[in-house]
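Just so you know, the sequences run in chain order A and B. FYI, this note's numbering numbers position 79 of the first sequence as 79, with every residue one higher than the one before it. FYI, this note's numbering numbers position 176 of the second sequence as 1176, with every residue one higher than the one before it. Notes follow once the structure below has been shown.
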Amino acid sequence: MKYILAGLFFGFVAVKSEVVSWFRILEMFHFDSFHMYGIIGSAVVIGIISIQIIKRFQMKDMKGEQISVGNKEMTPKRYIIGGSIFGLGWALVGACPGPMYALVGNGYWIILVPMFFAFLGTMTYGMIREKLPH
Amino acid sequence: MMPEFSLQPMPWYIAGPLIGLMVPLLLVLDNRQFGISSAYRHMCAAILPKDKFSFFSYDWKTQKWNLLFVIGIVLGGYLASLTSVEGYSVVISEQTKLALGEWGITDFSGLIPTEIFNFSFLTTPGGFIVMVLGGFLVGFGAHYGGGCTSGHAISGLSNLQLPSLIAVTGFFAGGLLMTYFILPLILS
């Protein structure tokens, strides 16, 4: 239940701030507005401060276990290639995975099409990943 | 009449910090890292035969939180639609409007251009590329690159991860290439 509420909060904010809008994403890639950069930038600033506090005070989660924030493996190839492929799709659909769910909830049923193919893209990657450079 | 301000989006300096707070919220709730694209992986793991593909061979039930989270996002999108006003449109900059106009986009109402995102355009080559190929690349790329905007740009950068910075650079390289060189060919 708490995760549904967390998602609901995120989805609501994402729609209300127009992060889910194709128009905003294309405006961002045209460098015509600060809006998206402001959102991502300030989100990261708050994230950095929070994680620093959590690490500094060795905070525990609600189950009483030590919070650990893992490091990502340094395998540059996959981030460059995979990231660029994601970027191509991001500009086409004008929405990343989270916003797609919010758009469907908002009544844009057509977004179920890119979502279904994102699901198939995931499945394809999982099936052929051993053959790809990482 | 609705007051003028209700047509304004939630400002970036409020939305950004609220989204940033998702990172500590999920960590404090149950030591979970904010990331959304994994939900597709868990769905695959749930339906594919076990142990056939190493990428999907894990107990997806331990990651159920992620699936609940995306259900919540759908509900959040619905909740937001209840507060939407008649004639709502996203007020983007005039330069972007001009650029999109050259691609034949004239209807700027709603959150997405309905001239592109509709079922009859889906059957055209342009519509197929935008919705089908676009969706496929998002799913494929997010898992190849180890995360999407939430996992890398928000979570990863918040944890000062160099891999995430590389991935985000890739997001923009791909996005700019599409915006300036490929989309103009597809849409105009």
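Using N, Cα and C, we set each Cβ at its ideal position, and we do this for glycine too.
Which residue marks the beginning of the alpha helix (DSSP H) containing residue i, and which one marks its end?
i	result
L1183/B	1183-1187
Q52/A	35-56
L1122/B	1119-1122
E1094/B	1094-1101
R1041/B	1038-1047
H1143/B	1134-1144
K16/A	2-16
P97/A	97-105
L1026/B	1022-1030
L26/A	22-29
L1079/B	1064-1082
K77/A	76-93
F117/A	112-128
F1172/B	1162-1177
Does the Cβ of residue i have 16 or more other Cβ atoms within 10 Å, making it buried, or fewer, making it exposed?
i	result
F1117/B	buried
S1109/B	exposed
M62/A	exposed
G64/A	exposed
K72/A	buried
F1136/B	buried
P133/A	exposed
A1080/B	buried
Q1033/B	buried
V1023/B	buried
S42/A	buried
Y79/A	buried
Q1095/B	exposed
L1098/B	exposed
Can you tell me the Cβ-Cβ gap for residue i and residue j, rounded? I've got them flagged as a contact below 8 Å.
i	j	result
M1010/B	V13/A	7 Å
G126/A	F1053/B	5 Å
I1112/B	S21/A	7 Å
G87/A	G1087/B	With a Cβ gap of about 33 Å, G87/A and G1087/B do not count as contacting.
S84/A	G1170/B	4 Å
W1012/B	H35/A	5 Å
G105/A	V1074/B	4 Å
Within the same chain, show all residues whose beta-carbon is closer than 7 Å to that of residue i, passing over the 5 residues directly before and after it, in chain order.
i	result
L1187/B	W1103, G1104, G1126
G1139/B	Y1040
S1089/B	F1108, S1109, G1110
By Cβ distance below 8 Å, which residues in the same chain neighbour residue i in space, the five residues on each side in sequence not counted?
i	result
F29/A	A91
F1181/B	none
C1148/B	G1035, I1036, S1037, V1138, A1142
E1115/B	G1104, I1105, T1106, D1107, F1121
Among residues of its own chain, excluding the 5 on either side of residue i, which ones have a beta-carbon nearer than 6 Å to its beta-carbon?
i	result
M115/A	M100
T1083/B	none
H1152/B	S1164, A1167, V1168
I54/A	I67
Sort out for me which residues DSSP pairs residue i with in a bridge.
i	result
S1109/B	S1089/B
K60/A	Q66/A
Quick one: does the C-beta of residue i sit closer than 7 Å to a heavy atom of the ligand ADP?
i	result
G1139/B	For the structure depicted, the ligand ADP is absent and the ligand set is empty, with no information on it obtainable.
Can you confirm whether residue i, when its beta carbon is compared against all beta carbons of chain D, has any partner nearer than 8 Å?
i	result
K131/A	No chain D is present in this structure, whose protein chains are A and B.
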